[in-house]
Amino acid sequence: MWALLSKPLRRWLLLSLAVPLVAGGLSLVADALQRKKGRPTKTSKLLSGVSNFLRRRRNRRK
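Count along the sequence shown from 1, then add 108; that gives the number in our numbering.
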């Protein structure tokens, strides 16, 4: 079935599923780091920033 889909459609399908999952995963890791340290760290701020960027990109394409 996967082979029957055109290349652009496969790319769109992967990105439409992967981007939200990656953004959510980064957000969970950032929150876990903040809870562990009790305050925002440079790493958690970076992960949160990347997660927010991905979410904005996803929402802009709708």
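For each residue, glycine too, the CB sits at the ideal point set by N, CA and C.
Buried/exposed call for A126, threshold 16 Cβ in 10 Å: By one-based count along the sequence shown, residue 126 stands at place 18. By the 10 Å Cβ count, A126 comes out exposed.
Assign G133 to one of three DSSP states: helix, strand, or coil. Numbered from its first residue, the sequence shown carries residue 133 at position 25. It is helical.
Three or more C-beta pairs below 8 Å linking the segment 157 to 169 and the segment 116 to 136: Three or more Cβ pairs drawn from the segment 157 to 169 and the segment 116 to 136 lie within less than 8 Å of each other, which places the two stretches in contact.
Cβ neighbours of P148 in the same chain (closer than 7 Å, five flanking residues each side left out): Counted from its first residue, the sequence shown places residue 148 at position 40. Excluding five sequence positions before and after P148, the CB atoms of its chain that fall closer than 7 Å to its own CB belong to Q142, given in chain order.
Just tell me which of R118, L155, K150, L123 has its CA closest to the CA of R165. Here residue 165 refers to the residue found at position 57 of the sequence shown. Closest option to R165, Cα to Cα, is L123.
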